[in-house]
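Data block below; observations after.
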Amino acid sequence: MKKIIAIDGPAASGKGTLSRNLARELNFAHMDTGALYRAVAFEVLEQDKEPSVEDNALDGCKALQVNLHSANPLSNPDLRTEIIGEAASKVASIQSVRDFLTDMQRDFANNPKDGLDGVILDGRDIGTVICPDAPLKLYITAKCEIRAARRMKELQLKGESVTYEAVLEDMRARDARDSGRKVAPLRPAKDATIIDSSDLSEAQMLENALTYAKKAFG
Ligand code: DC
């Protein structure tokens, strides 16, 4: 059985932290698929173009493909800003962009690196579109107000001056775009286990997920 864990959920649900912790505990490889969409958006904004226009977004995909050969554009800390997150959500609504990034994600899922025991991909459509046969699917969610408070803390730690109201408004807009789009909308797969992280600590989240992983993979 392929050891693939699909982890989906909205922004600031805790899925990224959980994925990293789980990958470390299980000795699995981890792909943050949001970074792919962010990297495409970054390339589009570098050209001063509008990310919701398909041709611009596809040029961004091509630029990313070129950069992937020479550097590691996915680890660029500049991808982590709210502006890039918003633009990523726009390029992510375009079918041809999603198609472009699908092979990269499936290739990662199906070819775990030597020495690693499996893979974890986190994103919005991993359980529904990218890896519909993953033996373990988790859908991580939390109340919008709690996710906005978490995001605000993150941004303040980075020195960005933001208000809770503005972050909450952005979070609602991003949720609406990610869940309301026609292509690969954010939603739990039918066979996903839903975990509400609103009142759980990082350690409790990990403990829960390890229990599900044990059930799925022995
Ligand atoms: O998880 P994140 O905030 O880094 O993702 C940035 C945007 O990318 C998000 O608003 C929606 C999009 N995304 C997506 O549509 N599908 C994925 N698998 C991952 C991210």
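Just so we're aligned: 132 in the working numbering is position 127 of the sequence shown, and the numbers increase by one with no gaps anywhere.
Each residue gets a CB set at the ideal place from its N, CA and C atoms; glycine is no exception.
Discussion item. Short of 6 Å in beta carbon distance, which residues of its chain neighbour residue 91, apart from the five on each side in sequence? Order them along the chain.
Written reply: none
Discussion item. Three Cβ pairs or more, each shorter than 8 Å: is that satisfied between the segment 94-106 and the segment 39-48?
Written reply: yes
Worksheet entry | Residue span of the alpha helix (DSSP H) that contains residue 108, given as start and end | 100-115
Worksheet entry | Own chain, CB closer than 7 Å to residue 6, minus 5 neighbours either side, in chain order | 140
Worksheet item: Would you say the beta carbon of residue 57 comes nearer than 8 Å to a heavy atom of the ligand DC?
Response: no
Worksheet item: Quick one: Cα of residue 220 to Cα of residue 149, how far?
Response: 30 Å
Fill in: residue 215 and residue 27 closer than 9 Å at C-beta
yes
Worksheet item: What are the partner residues of residue 172, as DSSP defines its beta bridges?
Response: Answer is none; residue 172 lacks a bridge partner.
Worksheet item: What are the residues that DSSP puts in a beta bridge with residue 124?
Response: 9 and 34
Worksheet item: How would you write the range of the beta strand (DSSP E) that residue 146 sits in, first residue to last?
Response: 141-146
Worksheet item: If you measure from the CB of residue 175, is any heavy atom of the ligand DC nearer than 8 Å?
Response: no
Worksheet item: Going by the CB atoms, is the gap between residue 122 and residue 226 shorter than 9 Å?
Response: In the structure as shown, the chain begins at 6 and stops at 223. Residue 226 is therefore absent and cannot be evaluated.
Practice prompt. Please list, in chain order, all residues of the same chain as residue 16 whose beta carbon is under 8 Å from its beta carbon, the five residues on each side excluded.
Written response: Excluding five sequence positions before and after residue 16, the CB atoms of its chain that fall closer than 8 Å to its own CB belong to 90, 152, 156, 176, 179, 180 and 183, given in chain order.
Worksheet item: What distance in whole Å lies between the Cβ atoms of residue 129 and residue 34, which are believed to be in contact at a cut-off of 8 Å?
Response: 19 Å between Cβ atoms; not a contact.
Practice prompt. For the alpha helix (DSSP H) containing residue 151, list its first residue and its last residue.
Written response: 149-162
Fill in: Whole-Å CB distance - residue 120 paired with residue 197, under 8 Å assumed
With 8 Å as the limit, residue 120 and residue 197 do not qualify as a contact, their Cβ atoms being about 29 Å apart.
Worksheet entry | Residue(s) in a DSSP beta bridge with residue 135 | For residue 135, which the question treats as bridged, DSSP gives no partner whatsoever.
Worksheet entry | Nearest candidate by alpha-carbon position, reference residue 106, set 24, 136 and 38 | 38
Discussion item. I'd like the span of the alpha helix (DSSP H) that includes residue 64, first residue to last.
Written reply: 59-75
Fill in: Residue from 210, 217 and 223 with nearest C-alpha to residue 19
210
Worksheet item: Is residue 144 near the ligand DC, going by C-beta to nearest heavy atom under 8 Å?
Response: no
Discussion item. Tell me the residue span of the beta strand (DSSP E) that contains residue 198.
Written reply: 198-201
Worksheet item: DSSP state of residue 184, grouped into three classes?
Response: helix
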